[in-house]
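Residue numbers (this note's numbering): 135 to 300.
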């Protein structure tokens with residue numbers, strides 16, 4: 135009986151340590167994806183604010199739209215990578231926020247691409263308003279991701295600093 139109790143206790147400790155390792159690996163992977171996508175989003179947002187996309191020639195417009203499509207594809211790939219990971223119950227709220235965040239970034243890139251390639255002044259103005267609204271939504275989701283990450287780290291018992299919004 136004593137050996138059975140020791141074996142069960144050892145198994146339980148081993149199970150907990152494996153869970154911690156899985157949670158840590160999950161956090162490292164998704165934090166990396168989050169940060170990479172955040173940096174790409176910030177770059178496009180700054181370019182938009184600076185007027186980088188305005189008054190461009192046709193070849194530059196095509197190049198910029200292709201660049202945005204590439205960023206969108208990276209966001210899709212990030213979502214697929216994140217979705218392929220084993221997710222614990224503890225990580226599910228964080229996981230859900232990350233996927234919502236990546237979906238919203240894709241919409242931001244699509245709208246920015248429409249804005250860049252549109253020549254109608256009124257349509258551009260409306261698109262720019264939509265881009266700014268979606269950009270605000272992306273920023274709100276960034277904050278929700280960070281809040282979810284903190285909750286996840288606390289519930290998982292991981293002593294690690296969450297990714298900062300910078």
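Cβ coordinates follow ideal geometry from the N, Cα and C atoms, glycine included.
Here the structure is a predicted model, which is why all the values come from computation and not from measurement.
_To the nearest angstrom, how far is the alpha carbon of residue 285 from that of residue 236?_
The residue given as residue 285 occupies position 151 in the chain shown. The residue given as residue 236 occupies position 102 in the chain shown. Distance between the alpha carbons of residue 285 and residue 236: 20 Å.
*To the nearest angstrom, how far is it from the Cα of residue 249 to the Cα of residue 232?*
Here the question's residue 249 lines up with position 115 in the chain shown. Here the question's residue 232 lines up with position 98 in the chain shown. Roughly 26 Å between the two C-alpha positions.
_residue 238 versus 259, 161, 219 and 207, residue with shortest Cα-Cα distance_ = Here residue 238 refers to the residue found at position 104 when the chain shown is read from its first residue. Answer by Cα proximity: 207.
*Taking all protein chains shown into account, decide if residue 275 is buried (16 or more other Cβ within 10 angstroms of its Cβ) or exposed.*
Taking the first residue of the chain shown as position 1, residue 275 is located at position 141. By the neighbour-count rule (16 or more Cβ atoms within 10 Å), residue 275 is buried.
*asked:* Under 8 Å: do the segment 160-178 and the segment 208-227 share three or more Cβ pairs, one atom per stretch?
replied: yes
*So residue 291 packs on residue 179, CB below 8 Å; how close in whole Å?*
To locate residue 291, count along the chain shown from 1; it is residue 157. To locate residue 179, count along the chain shown from 1; it is residue 45. That pair is no contact at about 35 Å.
*Can you find at least 3 beta carbon pairs, one from the segment 192-204 and one from the segment 254-268, that sit closer than 8 Å?*
no
*Go to residue 275, then tell me how far its alpha helix (DSSP H) extends in each direction, as first and last residue.*
Along the chain shown, one-based indexing puts residue 275 at 141. Unbroken alpha helix (DSSP H) run through residue 275: 255-290.
*asked:* For residue 213, would you say it is in contact with chain B, using Cβ-to-Cβ distances shorter than 7 Å as the test?
replied: No chain B is part of this structure, which consists of one protein chain only.
*What is the rounded straight-line gap between the Cα of residue 227 and the Cα of residue 193?*
Translated into the one-based positions of the chain shown, residue 227 becomes position 93. Translated into the one-based positions of the chain shown, residue 193 becomes position 59. Going from the Cα of residue 227 to the Cα of residue 193 covers about 43 Å.
*asked:* For a test of the three-state rule: what should DSSP assign to residue 240, helix, strand or coil?
replied: Along the chain shown, read from residue 1 onward, the residue named residue 240 stands at position 106. Residue state, collapsed to three classes: helix.
*Tell me, to the nearest whole angstrom, how far the beta carbon of residue 164 is from that of residue 216; I am working on the premise that it is less than 8 Å.*
Within the chain shown, numbered from 1, the residue matching residue 164 stands at position 30. Within the chain shown, numbered from 1, the residue matching residue 216 stands at position 82. Confirmed, Cβ separation roughly 5 Å.
*Could you give the residue range of the alpha helix (DSSP H) that holds residue 211?*
To locate residue 211, count along the chain shown from 1; it is residue 77. Its alpha helix (DSSP H) spans residues 192-217.
*Helix, strand or coil for residue 222 per DSSP?*
For this step, residue 222 is matched to residue 88 along the chain shown. DSSP places residue 222 in coil when its eight states are reduced to three.
_Beta-carbon proximity list for residue 278, same chain, < 7 Å, skipping 5 on both sides_ = Numbered from its first residue, the chain shown carries residue 278 at position 144. Same-chain partners within the cutoff: 231.
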